[in-house]
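Student: Below is one structure. I have some questions about it.
Right, here's the structure in full:
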């Protein structure tokens, strides 16, 4: 009881914004002075910016906490402390994101030239060469995986929402959950185990990669389509039945057009998820250095595998390999970002017009 | 939702209806068959590995279990470390977005965090090894010099920074968006009345969160954690690229001898494997599948139980 009363009286006095700014400036000064002393006295060889900045933040939070505790009371002080910690966590998460984006762009731009998009790695040692074969491989394998997954995924979702009841629907829902959790490398091993039985243990081809990827893609498509179909109001279905429209036409002409925006968004996001997969393709699609248009014959490199192998198997003139790896990463990121953007635009344009 | 269709007895069943419903049914059954095939083929290809001789396995292990043991340890250890790093940060970010950020900004901020999930894992690997590892190495050296007496930070320090701690940081960044997104959803579902009741009693914002939001979201946090753990267990490329692997069971975070993970081990050794060696690797993959299956099932059970609860409210 007493603590409530004190905090009530204390809440009239509070730390002003100006005081907080002054505390901030003070803590930056303290921290930078400390690291400057370390630098001048010769204990550290250079002025360490990152630790200085981190120390400044810690000093600020500690000072603000103490100040608030004296002026505003313990409860308010803890509240302030938590607010700064939560904000700090958010900023902390932005650091890797910014770092990845900046490093990918600045390193990838070096080989982001016409040569990269027009040449493969055939007979290339050291500098030069490009990623044409990997871009072709990515487009073909991803398209094949989409052609397998999208019909199966959407039809399964229709089954689960519109038809499914009883034990079979429950079993399928459970298995979709299981599929969501399959590690990507296990999907690759499955595709290998499947095709090795028919074609022998040396089998490597593009369509195997597509099968592995569709194993990862189907559950994502089913889940998102299911969510979207469930959002379609039942009144629409009932109105259609009342007009004597058969069930299959109701689904095709009423349910799907109403939810098509969400379904396409989900599909595009699923594609952007699998286009960056590396591990299964490393196992079943293998790698090649030249352009291969045939999904059903011969090894096929995709962009993520290209990035990995360029980094992992550096030859003479290592920098050329690392540059190519970064450019491959940049192209991959651009494709993923473009797909996400397309998904948002489609969702906007295809959304059913009506009063909402 | 399904019972509202005209019953077959009244109207003679139409051809289109039958074709369409069977098509939907068949694709559902395809999924059943595919999963059965996954299980059958993986088990079939794993069986020869059980009797593998030391020559087949290589790396000095006598039996399959000798070989898998350190890998299982490495997988769980790296994923657990990643979780320890990611969980508090994710909950903090989710709270910040759901309860602290201005309403108008919060959706945009959530989208920024989701962007982290869109980065392909191979890019994380490349970033981890070329940017993060050299950046953290001096701090590792400092830790070993000053806190080397603490078992986790035991020396000698790795000269490249390619240690299990670096891997854990990369994995933490990768699973953070998953945990954050789920926690955010759960925190936003906190009943408004609970929060307002706490505010009316004079609680500060933090006390509202402590007394109303976090208890309500506990089940959600646990299941989000499990899903993040499942992702971290199965992650391949980031680990394969960043870690300098060896076959050891060691808790030391900063040495150049690190336990590797099942997934990374498969990715690194599969292209060169032959004969029974392939079966051994597939067997380890099967074990990984079982581990992630258990973790994900726990998460699903918790989510489903929660759904049953919220339906009653």
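Protein chains in written order, with the working numbering: chain A, 12 to 367; chain B, 43 to 355. Glycine is no exception: its CB is placed at the ideal position from the N, C-alpha and C atoms.
With three or more C-beta pairs closer than 8 Å as the rule, is the stretch 271 to 286 of chain A touching the stretch 284 to 302 of chain B?
Tutor: Not touching, per the Cβ criterion.
Student: Among the candidates B:345, B:335, B:318, B:343, whose CA atom is the shortest distance from the CA of residue 92 (chain B)?
Tutor: Nearest option by C-alpha distance: B:318.
Student: Roughly how many angstroms lie between the CA atoms of residue 218 (chain B) and residue 182 (chain B), to the nearest whole one?
Tutor: Distance between the alpha carbons of residue 218 (chain B) and residue 182 (chain B) is about 23 Å.
Student: Hey, how far is the Cα of residue 30 (chain A) from the Cα of residue 267 (chain B)?
Tutor: Between residue 30 (chain A) and residue 267 (chain B), the C-alpha separation is close to 40 Å.
Student: Using C-beta distances below 6 Å, list every residue in its chain close to residue 62 (chain B), excluding the 5 sequence neighbours before and after it, in chain order.
Tutor: Cβ within range, chain order: n/a, list empty.
Student: Assign residue 324 (chain A) to one of three DSSP states: helix, strand, or coil.
Tutor: In this structure, residue 324 (chain A) counts as coil in the three-state DSSP scheme.
Student: Please name the residue or residues paired with residue 288 (chain B) in a DSSP beta bridge.
Tutor: Paired residue(s): B:301.
Student: Please identify the residue among A:115, A:94, A:221, A:104 whose C-alpha is closest to the C-alpha of residue 141 (chain B).
Tutor: Of the listed residues, the one whose Cα sits closest to residue 141 (chain B) is A:94.
Student: If you count every other CB in all the chains shown that lies within 10 Å of the CB of residue 230 (chain A), and 16 or more means buried, which is it?
Tutor: Classification of residue 230 (chain A): buried, given that the 10 Å Cβ count is 16 or more.
Student: Assign residue 153 (chain B) to one of two classes, buried (16 or more other C-beta atoms within 10 Å of its C-beta) or exposed (fewer than that).
Tutor: Looking at its Cβ environment, which holds fewer than 16 other Cβ atoms inside 10 Å, residue 153 (chain B) is exposed.
Student: Taking the straight line between their C-alpha atoms, what separation do you get for residue 198 (chain B) and residue 130 (chain B)?
Tutor: Looking at the two C-alpha atoms, the distance is approximately 29 Å.
Student: Put residue 60 (chain A) into one of helix, strand or coil per three-state DSSP.
Tutor: In this structure, residue 60 (chain A) counts as helix in the three-state DSSP scheme.
Student: Can you tell me the Cα-Cα spacing of residue 76 (chain A) and residue 50 (chain A), whole angstroms?
Tutor: Going from the Cα of residue 76 (chain A) to the Cα of residue 50 (chain A) covers about 29 Å.
Student: For the stretch 332 to 347 of chain A against the stretch 165 to 176 of chain B, are there 3 or more C-beta pairs whose distance is under 8 Å?
Tutor: As far as the Cβ criterion goes, the stretch 332 to 347 of chain A touches the stretch 165 to 176 of chain B, which means the pair count is three or higher.
Student: Does any CB atom of chain B fall closer than 8 Å to the CB of residue 309 (chain A)?
Tutor: Not closer than 8 Å to any Cβ of chain B, the Cβ of residue 309 (chain A) fails to qualify, so no.
Student: Between residue 201 (chain A) and chain B, is any beta-carbon pair separated by less than 8 Å?
Tutor: Yes - at least one Cβ of chain B is within 8 Å of the one on residue 201 (chain A).
Student: Using a cut-off of 7 Å between C-beta atoms, extract the partners of residue 248 (chain B) located in chain A.
Tutor: Here the neighbours are 89, 90, 93.
Student: Kindly indicate which residue of A:128, A:84, A:360 has the alpha-carbon position closest to the one of residue 7 (chain A).
Tutor: Because chain A is modelled from 12 through 367, residue 7 (chain A) falls outside the range shown and cannot be assessed.
Student: Are the C-beta of residue 29 (chain A) and some C-beta of chain B separated by less than 8 Å?
Tutor: No, residue 29 (chain A) lies away from the interface with chain B (no Cβ there is under 8 Å from its Cβ).
Student: Using a Cβ-Cβ distance cut-off of 8 Å, determine whether residue 32 (chain A) contacts chain B.
Tutor: False, the Cβ-Cβ gap to chain B never drops below 8 Å.
Student: Classify residue 303 (chain A): buried if its beta carbon has 16 or more other beta carbons within 10 angstroms, exposed otherwise.
Tutor: By the neighbour-count rule (16 or more Cβ atoms within 10 Å), residue 303 (chain A) is buried.
Student: Buried or exposed for residue 155 (chain A), going by 16 or more other Cβ atoms inside 10 Å?
Tutor: Residue 155 (chain A) is buried by the Cβ-count criterion.
Student: Report, in whole angstroms, the separation of the C-beta atoms of residue 240 (chain A) and residue 270 (chain A), which I expect to be a contact under 8 Å.
Tutor: That pair is a contact at about 6 Å.
Student: At a CB-CB cut-off below 7 Å, which residues of chain B make contact with residue 96 (chain A)?
Tutor: In chain order: 134.
Student: Any heavy atom of the ligand MG closer than 7 Å to the CB of residue 337 (chain A)?
Tutor: Summarising the ligand content, the structure contains no ligands, and the ligand MG is consequently not present.
Student: To the nearest angstrom, how far is the alpha carbon of residue 178 (chain A) from that of residue 73 (chain B)?
Tutor: Cα-Cα distance, rounded: 15 Å.
Student: Can the beta-carbon of residue 214 (chain B) be found closer than 8 Å to that of residue 120 (chain B)?
Tutor: It is not a contact, given that the beta carbons lie outside the stated cut-off.
Student: Do residue 285 (chain A) and residue 228 (chain A) have their C-beta atoms closer together than 8 Å?
Tutor: A contact, by the Cβ cut-off of 8 Å.
Student: For residue 247 (chain B), which of helix, strand or coil comes out of DSSP?
Tutor: If DSSP states are grouped into helix, strand and coil, residue 247 (chain B) belongs with the helices.
Student: Run the CB neighbour count on residue 144 (chain B), radius 10 Å, all protein chains shown included, and call it buried at 16 or more, exposed below.
Tutor: It counts as exposed.
Student: Kindly give me the distance between the Cβ atoms of residue 127 (chain B) and residue 211 (chain B), rounded to whole angstroms, as I take these residues to be in contact under 8 Å.
Tutor: Going by Cβ atoms, the distance from residue 127 (chain B) to residue 211 (chain B) rounds to 6 Å, so yes, they are a contact pair.
Student: Is DSSP giving residue 179 (chain B) helix, strand or coil here?
Tutor: Residue 179 (chain B): helix per DSSP, three-state reduction.
Student: What are the residues in the stretch 328 to 351 of chain B lying within 7 Å of chain A by C-beta distance?
Tutor: Residues passing the 7 Å Cβ filter: 330, 331, 334, 335, 338, 342.
Student: I need the straight-line Cα distance from residue 185 (chain B) to residue 67 (chain A), nearest angstrom please.
Tutor: Straight-line Cα distance between these residues: approximately 20 Å.
Student: At what residues does the alpha helix (DSSP H) containing residue 169 (chain B) begin and finish?
Tutor: That run of the alpha helix (DSSP H) goes 163 to 169.
Student: Please report how far the alpha carbon of residue 164 (chain A) lies from the alpha carbon of residue 128 (chain A), in whole angstroms.
Tutor: Approximately 33 Å, taken between the alpha carbons.
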